[in-house]
Structures are given as structure tokens and as C-alpha cells.
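S.K.: Take this structure, written in C-alpha cells, and hold onto it; I'll ask about it next.
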């Protein structure tokens, strides 16, 4: 049981906590790039996780083009656009937050990460109002659908009897994306705590970088969702 | 770790403003310019550009020396594309080869749709589940005879029912 | 007395099994439950997977018992449905998928590449717990809720069935993440934690197999996760995408389901092939024939596995164009699989083969996998498949590949690495007897099913026509022989744990790192010092032989 490799320690500036590299890694760099590759593999997994929803969307859009056109014209694109801008801004602040940690600017990091968290909060609030509106209108999936459409729509839109299917897809899609946002907000909260406790610094910023990647992916999914559901 | 590049702020600012601009363009073209089916293509193209920007600058892939994440991600997108295209190919080419009717034409089901004019379909208020076949039939009838005739017929039926049912 | 005891303790070797051994039951449990050591996690997976195997196996015996005669013996048709569903769900999701990667893979992978642990040890423990929680929920729901949809959960029956499909879905959703995270962990480990000098072309073939497996686990498993989620949404909200009566398409569910479930059969077979490469080289004492071909054929199988899911939908109403496409693509899988089989045979050629117990299982694998693989090609033929679809031919085919391939390789792997895992030897004599009973029993069980299936015996029925009686009876007798052999194995392995002979460091004369640089059982941190690799994994031919070979080639070139 010889211990020929004592744990590697990344020295931190004054006032911060040193980072101890995992016992099975030789260098801090090896640890970082392991986490980096691992995160990317996780993101690839996320791509495939969302893929089935995109398949369903593509298929039914292809089968019922008019229903989807009608459905997306009913959704409030203004709220969708606001949410898109909010998420884009949060991606920007996230990137800036990571950069601040990399350059040891802890105050800036705290502010940027807090902004990211607040953006997540705004996104979810807007989502809440959208959902509440739909529940009030009754434009829900089949089992809860309770809404009226005009006679004109009824007689002019082909396959309108499948309208609740569109709302079903809408809720599943945005719901799963929303859960991802909530998880991301939790992780960002954790990072804010870490920044306050001064355990992240220029020499060790692995977790915040990885959570940043995840947050950007959530943004990327929304970049596709927004035009697909609200616009075209 | 030290070799990890710190990206200048101007890149982040530039990308963010580009993303905002692209969002405005998507909304504008999709909502106020009618290009037919090109609208969809354009929106997807802009989304792709936006995602490339996020991936290369915000996620830092542009500066990453290790190509493995990029290759693996590309692979996952290829599989994703395959999944979408083959499934869509299946549903869109099904009915042309099978003599039997496509499954979408089976008409027995519950479709809760209400229509606002004089309770055309929602005779009993609240949630109704109407057989799909009835809805589709009704729709054909409207297209054939016109709305007024159908409404009249329904009204007559209702009155007849009311007469039959004693108070 | 006390002095003697402490002397005995001091004499006892220290290894990864020691911490918490003599400090009472609670400390013992705690050190195991909170460990991040890949070897201990592998052992815990092993125990969990074996329990699943015994539960799933008992259901198999119950199925065969009912089919002893066409009359009703044990249960009604509905109960029979629940029994075969439980067999399928437990065996596939809770046994075969984690069997080799999570148990043997966890134990062996870091040893093979000269690492101290996997890249994310805590994630590894978390995936164990996810597996246990998910598996627990699914099993309880299945056994109490009598799920009767079969392991495929096809719609519309999964929606209309009043059994506990919902909870099984939740359980499998959770267990799926265990699979994803294990795959992710292994890929990163292989990328970043190889010992100095261990280039990609110097890795043991088991590592290549696990790498390919992990690709599939990472990219395919999320699809089943979202599919199960959509199934739940369909059941709870009536989303409608899978229900024809709501404008949806039940075949879409089959697309989703098989987009995961076909790649996942390669999650089952690829690591088995990795074990095969280790067994064949060790017990013929030869370098593998065509290292690169065997390594890249693993990757090729992983890639092709994503292109063939549609061959499960030939009679589901899938478009004929797509049918033809998938029928063609299915044949492609045969190429890398055959490359492997040929290379193993070529490795054995002129090798000094030793018929030790692990090799017996390698031999069985080659026989069974050849049968299972070739019948697979037959099933890939579009016109034949329409005749054979959902008959016992399919049942026999996938049992030949899954049991005859994966389970046989798993058992072979356990025989092979048992001395390394626990530092004890088992009775070679008993192992031989158990093997031959299994070999006879397995063929007796599943060969008749090919015949019955091609004559039209449909699968998943609790009764059958008189004319099929003989095939079913043979099959049932065979299942008893398999059970007997498994019980024998269990008993001699337990006996080996109790009072087995102490295993030497390298009982089989292997050349990979876990035999040459790690003692049996390994230390907590595997290697005494970081190994430096200078040659390939299977350099069985000695230096002189290599020199002589080179000289011969030179002479040939000169003349």
C-alpha cells in the first residue's frame, strides 16, 4: 500500500479554499478535462433525450400541417419572444460569470451568476402565465381539453379534430424544457453559494464551467423550440 | 488549466447582440413576411446559425483543442437527423403502398371539441367527448351544404327532441 | 487468546475487501454502502444483478412449467401474461443490460487500463443507487401490480391495461439513468485515465468493447427515458401522439422503443464479445489475430446498431420503402460480427488450447453465437420475417444470442475473474460438470423452439395446439437442466468463498495488467505504482519466437 502519489493540491489566492484533486487523477488538468469530456457526453445524451420530441413534432407537423399552423398562430408569440431574449441574456451573463471566476473577479462573478438565476426565474414566471392562460382557456391535451373554436376554423382547417394533439406536444415539450431550466437554476444557486464561500477561483472553476455548458444547452433547445412552436 | 484560454469580453458582447438581432429577424420574417414554406426553412436556418454562435463562442468550442467533444456531438446530431428523417419517411410513405386505409382514417374516438356558434356541438355544456366520426361527418356536411343549412337542421332536431320530451 | 487473534488479524492480507471487516456489522455495511471504490461497486452490482437473475430465472421456469402441456397447469391466461412480462422486464432491464458492463466492467476496466479508479467514482456509486431504486420500484410494481404488457409496452395495450404500467415505467426511467451514467463514466475513464504508454492500440479488447458499449448506452438510453416519459404523459394527460384514436400513431411508439431497444441488444452482446477476446487469447496463449479488426468491429457494431431499429416493425404497418431499407441495413450487422468470430477462430488455430472452465464457456459462446447470429440474418430477410414474426423462432433466436451469447460470456467472465475478485479458487471439476449440463440443457431448451416456431407456434401464448407438445416438453426438460447447472454453479462459488484454495496472482497465465501487475484480490488502489506500458496486451509469443518470426520473414523476403 505505498502512497507514491500524494493528492495534488491546487493552490488558491489568499482568502480562498485550496482545491484537492481527486486521488485517482495525476494532475489537475487531467481532472478538468475528464469533467469537460464527461459534460459533453452528457450534453450529447441530452440531444438524444430531446430527439424523440422533435421526431414526434416533425411527424405530426408533416401529417397535420394546417393544425400546427393554426395552433402556433394561437400561441402568444410575444411572450415566447420575451422568453427567448431572457434566455439569451442569461446565456450571456453565464458566460461572463465564468469569465469572472477565471479572472478571480469574485464580485462580478456573483453579480453575473445572480443575473443568470434571475433570468431563469423570469423565464419560469412568464411560462407560468402562459400555462395559466392555457388552463383558463381550456386549450390543453385531450383528457383536459375544454375549449371552443370558431365555426370558421372548424370548417376551414383540415384535421382540426387533432388540435389537442398540438397542445399535448406543446405541454410536453415546454414542460420538459422547463424542468431542465429549474434544474439549471438549482445548479446555478449552488454555484452562487460556492462563489460566496470562495471555493472557486482562477485555478479551479470546473463546476461553474460545466454548469455553464449545461445552461447553454438549455438555451440551445429553446432557440429551436421558439420558432417551431410559436412562429412557423 | 493555465492553458485554458480566457475569451475577451468583446466576443461575448458581439455574440449576444448578434443573437438578439437574429431573434428579431426570425420573429419579423415569420410573422410579417409571407414566404410560404420558405418561412420554415429560414427560421430553422437562423436557429442553426444562433446555435452555432452559442456553441462556438459561449460554450468555447472555437478555442477547444480537444476535438473529441465536437466529433461526438456531431455523431449524436447525425443519429438525431437519421431518427427524424426515417420516422418521417415511414409515416409519409405508408399509405401509398398499403391498400388498406391509413390508420389516421379510423374514426372511432373521443375528440373534445366545442364550437362557439349557438352550441353547434356543445349541446350539453361542459366537457364533451364526441366521436371523431361524428365530427368528421359534420364537417363534410358543412362543406357540402353550407353552414346555414346544417345549423337549421340541428335546430330542427333539437326542437323535435324538446317536443318529445315531456316537461 | 487476544494476542493470537490480533496476530491472526495482522497476518491477514490487506486488500480492497478488508476495510470494515472486523469492526462489527454496522461499520461493515457503512464502508460498503458509502464506498467509491470501483471494485466494491462492481461487487455490489454483481450481487444485485445475480438476485435479478434468480428472480427472472424463476419466472422463466414458471413459464416453461405452464407450457409442459397445452392444458392449464398453474395459471390462467392473464396470469401467464403477467409472468412472461415479469420474466422479460427483469431479465432485460434489470439483469442483462447491467450484467457485464456494470459488474465485470466496473471491476476490470480500471485494472485493464492501469487506473486507480473510474473517472467519477461518486457518480459510479450514484448510478448503483439509481439502479437499485429504479429496479426496486419496477420489481415491486411488476410483482404486486401484475403488469401484463410484455417487456415492450406496446400501445394501445399499455394504455388500456389496468395493471401497474405507470410505476414500472417510473422505475425503468430511473434505472435508465444508471445505465447512461455508467456509460459516460467509462468513456471518460478510457479517454483520460489510461496509464502512461497505454495507447489506444495497446488497450485490451475488453476495453474497446466496453467503449463501444458505452457509446450506445450514452446515446440510446435517453431515448427510452423520454419514451417512457411520453408513455406516462399519454396515460395521464392523453397527449395523443401514440393513440390512433386521438390522431396519433402507435407505430411511432414502436419507432421510439426500438430506437433504444435495438441498440441496447448490442449493449448486451458487445461486452460479451470483449470477454470472449480475453478468454480466447488467454486460454490459447496466442496473440489475437487481427487486433485492429476486432477492435474496430466493436465500434462498427456500435455505429450500425443505430441504423437497424426498423426491422422490429416489419409487420407493424411500417412503410414498405422503410422496410426494404431496414432489411438491407440489418445484413450489415453480420459483417463485423462475423469478423470477430473468424478472428477468434484464427486465434485458436495452432494455439495451445487449455480446456479450463472459463474457456469452456468461450467455446459455448462461439457455438451459440454462430447459431443465434445466423438465424438473425434469416430474420432480417423481409419475406421470411413476415412468416416467422412473433413465433417461437424469434424466441429461440434471441435466447441463443442473449443467453447463449451474453449470459454464457457473463458466466465465463465470472469464472475467469473470480480468483481476481475474491482471491479464491473454485472446484474445476464441478465447473466442468456444470458446464456440460448447461450446454446440453440450453440446446435442449431452445433448439426445438426453432422447429416449433418455423411450424407456426406463436410466442406469448399460455397454450398451444397438440402437435407442438413434444417441442414444448423438450424445452421444459432443458430448462430444468439449465436450472440444475446454475444451482451447481452457485453452490461451488459459495463453497469457494467459504473455504476455497487461495488464488495465485495469475492463475490462468494471462498477460493483461490485472494478472501481471495486481495481486489477487487487488489492493484498495489497485496498483502499487503506476504501470508503464511498453507492449500490446497479448504478447504471448516470447521474445525469441518473435525474433525467429521476423528472421523467417526477412529470409523469405531475401530469397
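Residue numbers (the numbering used here), protein chains in the order written: chain L, -4 to 227; chain D, 486 to 652; chain W, 2 to 560. For glycine and all other residues, C-beta sits at the position ideal for the given N, C-alpha and C. Since this is a predicted model, take the numbers as computed values, not measurements.
1) So which of 371/W, 466/W, 184/W and 123/W has the shortest CA-CA distance to residue 37/W?
2) Taking the straight line between their C-alpha atoms, what separation do you get for residue 201/W and residue 334/W?
3) So with Cβ pairs under 8 Å, would you call residue 213/W a contact of chain D?
4) Over what stretch of residues does the alpha helix (DSSP H) that includes residue 440/W continue unbroken?
5) Determine the burial state of residue 466/W: buried for a count of at least 16 other Cβ atoms within 10 Å of its Cβ, exposed for fewer.
6) So residue 253/W contacts chain D; which residues on that side make the cut at Cβ distance below 8 Å?
7) In chain order, what residues of the same chain have a beta carbon less than 6 Å from the beta carbon of residue 603/D, not counting five sequence neighbours either side?
8) Taking just the CA atoms, how far does residue 175/W sit from residue 134/W?
9) Going along chain D in order, which residues have a C-beta closer than 8 Å to the C-beta of residue 222/L?
10) Relative to the C-alpha of residue 14/L, which residue among 20/L, 21/L and 3/L is closest?
11) Bridge partners of residue 527/W, per DSSP?
12) Answer with yes or no whether the minimum CB distance from residue 46/L to chain W is below 8 Å.
13) Look up residue 276/W in the DSSP assignment and say whether it is helix, strand or coil.
14) Starting from the C-beta of residue 231/W, find all residues in its chain whose C-beta is less than 6 Å away, skip the five residues before and the five after it, and write them out in chain order.
15) For residue 500/W, report the span of its alpha helix (DSSP H) as first-last.
16) Which residues of chain L have a Cβ atom closer than 7 Å to the Cβ of residue 639/D, listed in chain order?
17) Please report whether the beta-carbon of residue 437/D lies at a distance below 8 Å from any beta-carbon of chain W.
18) Taking residue 376/W as part of the alpha helix (DSSP H), name the residues at either end of that continuous run.
19) Please tell me whether residue 36/L and residue 188/W are closer than 8 Å, where the distance is taken between their beta carbons.
20) Give me the chain L residues within the contact set of residue 121/W, using Cβ-Cβ distance strictly less than 9 Å, ordered along the chain.
21) If you count every other CB in all the chains shown that lies within 10 Å of the CB of residue 519/D, and 16 or more means buried, which is it?
22) Check each candidate in 470/W, 16/W, 184/W and 18/W and name the one with the smallest Cα separation from residue 99/W.
23) State buried or exposed for residue 270/W, treating a residue as buried only when at least 16 other CB atoms are found within 10 Å of its CB.
24) Are the segment 501 to 512 of chain D and the segment 533 to 540 of chain D touching, with three or more C-beta to C-beta distances below 8 Å?
25) How many Å lie between residue 585/D and residue 150/W at the Cα?
26) Can you tell me whether residue 313/W is buried or exposed, with buried defined as 16 or more other CB within 10 angstroms of its CB?
27) Output needed for residue 35/W: all residues of its chain with C-beta closer than 6 Å, excluding positions within five of it in sequence on either side, in chain order.
28) In angstroms, rounded to a whole number, what distance separates the CA positions of residue 432/W and residue 522/W?
29) Taking the beta carbon of residue 193/L as the centre, do at least 16 other beta carbons fall within 10 Å, making it buried, or is it exposed?
30) So, using beta-carbon positions, are residue 374/W and residue 392/W closer together than 8 Å?
31) So, using beta-carbon positions, are residue 216/L and residue 45/L closer together than 8 Å?
32) Using a Cβ-Cβ cut-off of 8 Å, state whether residue 113/L counts as contacting chain D.
33) Output the residue ranges of the alpha helix (DSSP H) runs that lie fully inside the segment 490 to 557 of chain D and measure 4 residues or longer, sorted by chain position.
34) Relative to chain L, which residues along the segment 241 to 270 of chain W have a C-beta separation below 8 Å, given in chain order?
35) So residue 305/W is in the alpha helix (DSSP H); what residue range does that whole segment cover?
36) Measure how close the beta-carbons of residue 441/W and residue 472/W come, nearest whole angstrom, since I'm counting them as under 8 Å.
M.R.: Taking the coordinates as given:
1) When each option's Cα is compared against that of residue 37/W, the closest is 123/W.
2) C-alpha separation (whole angstroms): 24 Å.
3) No, its Cβ sits nowhere closer than 8 Å to a Cβ of chain D.
4) Unbroken alpha helix (DSSP H) run through residue 440/W: 429 to 455.
5) That one is exposed.
6) Below the 8 Å Cβ cutoff, chain D contributes 572 and 576 as neighbours of residue 253/W, in chain order.
7) Confidence at residue 603/D is low in this model, with a pLDDT of 41, below 50, so the placement of that residue should be treated as unreliable; the coordinate-derived value is given next. The same chain holds no residue with a CB closer than 6 Å to that of residue 603/D once the five nearest residues on each side in sequence are set aside.
8) When rounded, the distance between both Cα atoms is 7 Å.
9) Within 8 Å Cβ-Cβ: 511, 515, 528, 529, 531 and 532.
10) Out of 20/L, 21/L and 3/L, 3/L has the C-alpha closest to the C-alpha of residue 14/L.
11) 524/W.
12) Yes, because at least one Cβ of chain W sits closer than 8 Å to the Cβ of residue 46/L.
13) Helix.
14) Setting aside the 5 residues that flank it on each side, residue 231/W has no residue in the same chain whose C-beta is closer than 6 Å to its C-beta.
15) That run of the alpha helix (DSSP H) goes 470 to 500.
16) Taking the beta carbon of residue 639/D as reference, no residue of chain L falls within 7 Å; the closest one sits roughly 12 Å away.
17) There is simply no residue 437/D to check, as chain D begins at 486 and stops at 652 in what is shown.
18) Residue 376/W: member of the alpha helix (DSSP H) spanning 358 to 381, first to last residue.
19) Result yes, Cβ atoms of residue 36/L and residue 188/W sit closer than 8 Å.
20) Residues of chain L whose Cβ lies closer than 9 Å to the Cβ of residue 121/W are, in chain order, 17, 29, 30 and 33.
21) Exposed is the call here.
22) Comparing alpha-carbon positions, the option among 470/W, 16/W, 184/W and 18/W lying closest to residue 99/W turns out to be 184/W.
23) With 16 or more other Cβ atoms within 10 Å, it is buried.
24) The segment 501 to 512 of chain D vs the segment 533 to 540 of chain D: in contact.
25) Low local confidence applies: a pLDDT of 41 at residue 585/D is under 50, so the model's placement there is unreliable, and no value is given.
26) With 16 or more Cβ atoms within 10 Å of its Cβ, residue 313/W is classed as buried.
27) Within the same chain, residue 35/W has no close Cβ partners at all.
28) In this structure, the CA atom of residue 432/W is about 21 Å from the CA atom of residue 522/W.
29) Under this definition residue 193/L is an exposed residue.
30) The answer is no: Cβ separation not under 8 Å.
31) With a cutoff of 8 Å on beta-carbon distance, residue 216/L and residue 45/L are scored as near each other.
32) Chain D has no Cβ within less than 8 Å of the Cβ of residue 113/L.
33) Those alpha helix (DSSP H) runs which fall completely within the segment 490 to 557 of chain D and span 4+ residues are 494 to 517 and 523 to 538.
34) Residues of the segment 241 to 270 of chain W whose Cβ lies closer than 8 Å to any Cβ of chain L, in chain order: 241, 242, 247, 248, 249, 250, 253, 256, 257 and 260.
35) Note, residue 305/W: alpha helix (DSSP H), 292 to 305.
36) So it is not a contact: roughly 17 Å between Cβ atoms.
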